[in-house]
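Chains as they are written, first to last, in the numbering used here: chain A, 2 to 394; chain B, 462 to 648. Everything on this sheet refers to the single structure shown next.
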């Protein structure tokens, strides 16, 4: 009998790689000797393109990175640009942003749960989670006019005010959601096949996770309590009541538990945000009142010369941040999503660097699957929750 | 008392009295940033990681930037995170254009591996001591460094004598690209 290893490619076309990820596996029978993720198949040069666009023109680009959670991406970019400009949007705008970002987290985790369960062989879950995801997409459609690439946030505020009936719609969704999460859990949490496929699989210790720069639910599934919403708050998250779920097992099941709990916490935050928007006025100002950076109200443009000039300048040139640089980050559903912007004083960024969570979390894949079975690779890729659009940018 | 970036700088200066450490200034530099010399980068990072008070155990990201026509042209940026203090700290290394080279920090934080490959891929900055410095996002046979400022976005500059030194006659390859002669008929 010969005793040598075999190298095979998983992907780039493979249903469980969530896009076009290629993993080169060196196998000894079914055991993994070495694993090497090979990325770049979806590279579209977004960082380079951003240098040729004004800041506002880059917002639609950010939707297309992690297309499962467009609002979080918009927020991360807008916060970075706002930090650079030194402006802060009104409290009402921040509450709307928080509400939409938490709905995004629910939707993203729903997509994750459905696809991860399909990878492992539980097809049914998908039909339930995509039902709720569809509701979130309809909410996006209602508020932004697009289902997936919403581009709703702007630097300094929102693209437009929330429409009538929007809060009621969100309220209905978050009221129904806990029952749906129970439904998902009844399919998976105590399912013996699910437990066998995820418990003790794709292990990574907290120490390793920190060294490999892993963030998000994958980090918190390894017992490290670090959530940017709590530890480095932004957009007023410090004023909301919620818990950060942490599990210490460090396996795929721990990540599952963390994400399920996060959905429940997101429901809590969303409810508080809805209440806050009501308190601050259901309709009202949705941008900062500094027309060097944002468009003036349309009524003013029709009546005031100054507003017309501002309008023209913003549309024709964009805004001009001071020379400097800023890094801003948000707790996206997949981990820390950050934008590093360098400004040379012109209306286009001199440099935009994206810190995408999927790219960095994926790097820890070999640590998780070393010495395990080939079927565990699929569970591991699913449990990290990657989107290749964001990995390759 | 919570850890402040000033305290980090002070400790770093105490530990490395001879190194040329310089704080980045500017009204709109929103994060606390220090320029450090490349030759002591790995030592400094190891110190920042291992010091019990500072505890910068995570490198959330690192990247590069091209400041053409400034001299030195390139810089690498290291964003450090101390989980126990919830504190960020940024280090930068200036790199000359002639031989863009900086020591790798993979030995300090393994996560730097892909970041450094990406920076190499985009800017052609070489990370000495990196275990496997190959292209990551672009194809292996790609020629050039796309995020450098002299690299165009999707088009090539037309070769004229003024921007192509030592060229008097078009090369055969350029001749092939020249537009065909079109005869215009009178209307």
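Each residue gets a CB set at the ideal place from its N, CA and C atoms; glycine is no exception. In this text, all values refer to a predicted model and were calculated from it rather than measured experimentally.
Is the Cβ-Cβ distance between residue i and residue j less than 7 Å?
| i | j | result |
| --- | --- | --- |
| residue 302(A) | residue 318(A) | no |
| residue 249(A) | residue 224(A) | yes |
| residue 589(B) | residue 520(B) | no |
| residue 584(B) | residue 524(B) | no |
| residue 549(B) | residue 533(B) | no |
| residue 154(A) | residue 76(A) | yes |
| residue 595(B) | residue 586(B) | no |
| residue 94(A) | residue 168(A) | no |
| residue 19(A) | residue 315(A) | no |
| residue 306(A) | residue 110(A) | no |
| residue 476(B) | residue 508(B) | yes |
| residue 322(A) | residue 357(A) | no |
| residue 324(A) | residue 157(A) | no |
| residue 220(A) | residue 210(A) | yes |
| residue 36(A) | residue 367(A) | yes |
| residue 42(A) | residue 24(A) | no |
| residue 546(B) | residue 495(B) | no |
Could you name the residues of chain A that residue i contacts, counting a contact when the two beta carbons are closer than 9 Å?
| i | result |
| --- | --- |
| residue 462(B) | The contacting residues do not exist; residue 462(B) stays about 17 Å from chain A at best. |
| residue 592(B) | Those do not exist, as residue 592(B) stays about 12 Å from chain A at its closest Cβ, beyond 9 Å. |
| residue 518(B) | 208, 211 and 212 |
| residue 614(B) | 46, 49, 50, 52 and 53 |
Comparing C-alpha positions only, which one of the options sits nearest to residue i?
| i | options | result |
| --- | --- | --- |
| residue 529(B) | 519(B), 539(B) and 559(B) | 559(B) |
| residue 103(A) | 349(A), 31(A), 178(A) and 78(A) | 178(A) |
| residue 483(B) | 526(B), 545(B), 511(B) and 551(B) | 551(B) |
| residue 566(B) | 462(B), 496(B) and 501(B) | 501(B) |
| residue 79(A) | 135(A), 15(A), 120(A) and 327(A) | 327(A) |
| residue 6(A) | 34(A), 23(A) and 264(A) | 34(A) |
| residue 126(A) | 188(A), 252(A) and 70(A) | 188(A) |
| residue 165(A) | 143(A), 382(A) and 26(A) | 143(A) |
| residue 478(B) | 598(B), 465(B) and 505(B) | 505(B) |
| residue 511(B) | 487(B), 568(B) and 598(B) | 568(B) |
| residue 239(A) | 198(A), 133(A), 92(A) and 367(A) | 92(A) |
| residue 233(A) | 173(A), 88(A), 86(A) and 337(A) | 337(A) |
| residue 370(A) | 357(A), 384(A) and 358(A) | 384(A) |
| residue 270(A) | 32(A), 81(A) and 100(A) | 100(A) |
| residue 320(A) | 59(A), 36(A), 23(A) and 390(A) | 59(A) |
| residue 146(A) | 361(A), 184(A), 162(A) and 252(A) | 162(A) |
| residue 592(B) | 463(B), 538(B) and 570(B) | 570(B) |
Taking Cβ-Cβ distances shorter than 9 Å, what residues in chain B pair up with residue i?
| i | result |
| --- | --- |
| residue 246(A) | Under the 9 Å cutoff, chain B gives no residues; its nearest Cβ is about 17 Å from residue 246(A). |
| residue 195(A) | Here the premise fails: no neighbours, minimum Cβ distance about 30 Å. |
| residue 322(A) | 489 |
| residue 85(A) | 489 and 491 |
| residue 361(A) | 521, 522, 572, 575 and 576 |
| residue 344(A) | 489 |
Where does residue i land, buried or exposed, given buried means 16+ other C-beta within 10 angstroms?
| i | result |
| --- | --- |
| residue 262(A) | buried |
| residue 259(A) | buried |
| residue 4(A) | exposed |
| residue 208(A) | exposed |
| residue 287(A) | buried |
| residue 575(B) | buried |
| residue 535(B) | buried |
| residue 62(A) | buried |
| residue 10(A) | exposed |
| residue 553(B) | buried |
| residue 236(A) | buried |
| residue 197(A) | exposed |
| residue 55(A) | buried |
Give the residues of chain A in contact with residue i, contact being defined as C-beta atoms less than 7 Å apart.
| i | result |
| --- | --- |
| residue 547(B) | 232 and 233 |
| residue 606(B) | Residues of chain A passing the Cβ test: none, with the nearest at roughly 11 Å. |
| residue 506(B) | Per Cβ cutoff of 7 Å: no residues; residue 506(B) is ~13 Å from chain A at best. |
| residue 571(B) | 212 and 213 |
| residue 524(B) | 341 and 354 |
Going by the C-beta, is residue i closer than 6 Å to any heavy atom of the ligand COA?
| i | result |
| --- | --- |
| residue 526(B) | Summarising the ligand content, the structure contains no ligands, and the ligand COA is consequently not present. |
Could you name the residues of chain A that residue i contacts, counting a contact when the two beta carbons are closer than 8 Å?
| i | result |
| --- | --- |
| residue 541(B) | Result: empty, since nearest Cβ-Cβ is about 11 Å, beyond 8 Å. |
| residue 492(B) | 326, 327 and 328 |
| residue 598(B) | 40, 41, 44, 393 and 394 |
Output, in chain order, the set of chain B residues within a Cβ distance shorter than 7 Å of residue i.
| i | result |
| --- | --- |
| residue 117(A) | Near residue 117(A) there are no residues of chain B at all, since even the closest Cβ is about 23 Å away, more than 7 Å. |
| residue 157(A) | Here the premise fails: no neighbours, minimum Cβ distance about 16 Å. |
| residue 337(A) | 521 |
| residue 273(A) | Ordered by position in chain B, no residue passes the 7 Å Cβ test against residue 273(A), which lies about 23 Å from the chain. |
What residues from chain B crowd round residue i, counting only those whose CB sits closer than 8 Å?
| i | result |
| --- | --- |
| residue 225(A) | 544 |
| residue 371(A) | What residue 371(A) touches in chain B: nothing, since even the nearest Cβ is about 13 Å away. |
Using a Cβ distance threshold of 8 Å, determine whether the stretch 198-218 of chain A contacts the stretch 377-391 of chain A, with at least three qualifying pairs required. yes
With a cut-off of 8 Å, do at least 3 Cβ pairs link the stretch 102-118 of chain A to the stretch 325-337 of chain A? yes
Taking 8 Å as the threshold, find out whether the stretch 150-158 of chain A comes into contact with the stretch 67-78 of chain A through three or more Cβ pairs. yes
Is there contact between the stretch 339-359 of chain A and the stretch 44-54 of chain A, where contact requires at least three CB pairs shorter than 8 Å? yes
Hey, is the stretch 272-280 of chain A in contact with the stretch 117-125 of chain A, meaning 3+ C-beta pairs nearer than 8 Å? no
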